[in-house]
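This report refers to the structure that appears directly beneath it.
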Amino acid sequence: MALWRKSIALTVAGAALVVVAGCTPTVEPAPPASASASASVSEPTQPPIPYAVPTSAPGEIARAVFEVVDGVNTTDTVLSDAFDADDALTVSGQCEGGDWMRYILRDSTPDGDGADLTSGTFRCDSAATQANTYVAGAGGTVQVVLTVAEGTERAWVTVEK
Numbered sequence: 334m335a336l337w338r339k340s341i342a343l344t345v346a347g348a349a350l351v352v353v354a355g356c357t358p359t360v361e362p363a364p365p366a367s368a369s370a371s372a373s374v375s376e377p378t379q380p381p382i383p384y385a386v387p388t389s390a391p392g393e394i395a396r397a398v399f400e401v402v403d404g405v406n407t408t409d410t411v412l413s414d415a416f417d418a419d420d421a422l423t424v425s426g427q428c429e430g431g432d433w434m435r436y437i438l439r440d441s442t443p444d445g446d447g448a449d450l451t452s453g454t455f456r457c458d459s460a461a462t463q464a465n466t467y468v469a470g471a472g473g474t475v476q477v478v479l480t481v482a483e484g485t486e487r488a489w490v491t492v493e494k
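Under our numbering, think of the first position of the sequence shown as 334, with each following residue one higher.
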């Protein structure tokens with residue numbers, strides 16, 4: 334009988350706790366402080382770099398500029414200077430419109446064979462100037478051959494040593 338009283342007492346005590354717990358007033362949780370704080374705080378962002386063909390800089394050895402003028406695709410290519418075999422060549426560029434532009438640095442030395450020295454591709458979805466650096470292993474002059482994807486409105490590439 335004593336065992337039965339203990340189990341009844343435990344059952345009554347447990348039921349009392351459930352009733353008391355169910356009767357406590359509920360408090361609605363406050364919104365997290367970080368949610369409202371993060372909504373009002375914004376990271377400083379840099380404005381996108383607008384498309385602009387740079388002016389010729391010291392050390393520039395070649396450039397190509399593509400534009401659509403009166404519905405006609407035009408590309409101007411300029412050779413400015415020669416480079417030495419151990420010079421690092423930095424190819425920089427930017428384009429707008431289509432998906433990509435491709436450049437080829439071609440040997441344009443008078444006694445050269447017109448071989449392609451290097452090539453690369455830049456995406457047009459980047460607002461910033463893109464760049465690649467190469468060591469050609471041969472000196473002389475280079476011509477930039479610029480090819481653009483359909484829909485490209487304008488593009489430029491410069492080569493600096």
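For each residue, glycine too, the CB sits at the ideal point set by N, CA and C.
Pair within 8 Å by beta-carbon distance, Ala415 and Ile437: The residue given as residue 415 occupies position 82 in the sequence shown. The residue given as residue 437 occupies position 104 in the sequence shown. Taking 8 Å as the Cβ cut-off, Ala415 and Ile437 do not qualify as a contacting pair.
beta-carbon Asp403 near the ligand NAD non-hydrogen atom, thresh 7 Å: In the structure shown, the ligand NAD is absent, as is every other ligand, since no ligand is present at all.
Three-state secondary structure assigned by DSSP to Ala397: Within the sequence shown, residue 397 is the residue found at index 64, counting from 1. Of the three classes helix, strand and coil, the one that applies to Ala397 here is strand, per DSSP.
Of the residues Asp440, Tyr384, Cys428 and Asp403, the one placed nearest Thr485, counting alpha carbons only: The sequence position of residue 485 within the sequence shown is 152, counting from 1. Considering only alpha carbons, the answer is Cys428.
Runs of beta strand (DSSP E) lying entirely within the region 415-454, each at least 3 residues, in chain order: 421-429 and 433-440
Val481 (DSSP reduced to helix, strand or coil): The count along the sequence shown starts at 1 and reaches residue 481 at position 148. Of the three classes helix, strand and coil, the one that applies to Val481 here is strand, per DSSP.
Per-residue burial, Arg456 [other beta carbons within 10 Å of its own, 16 or more giving buried]: Looking up residue 456 in the sequence shown gives position 123. The residue in question, Arg456, is exposed, as its Cβ has fewer than 16 Cβ neighbours within 10 Å.
Backbone secondary structure at Glu493 - three-state DSSP: Within the sequence shown, numbered from 1, the residue matching residue 493 stands at position 160. Reduced to three states, the DSSP call for Glu493 is strand.
Buried/exposed call for Glu483, threshold 16 Cβ in 10 Å: Start at 1 with the first residue of the sequence shown, and residue 483 comes out as number 150. Glu483 should be labelled exposed.
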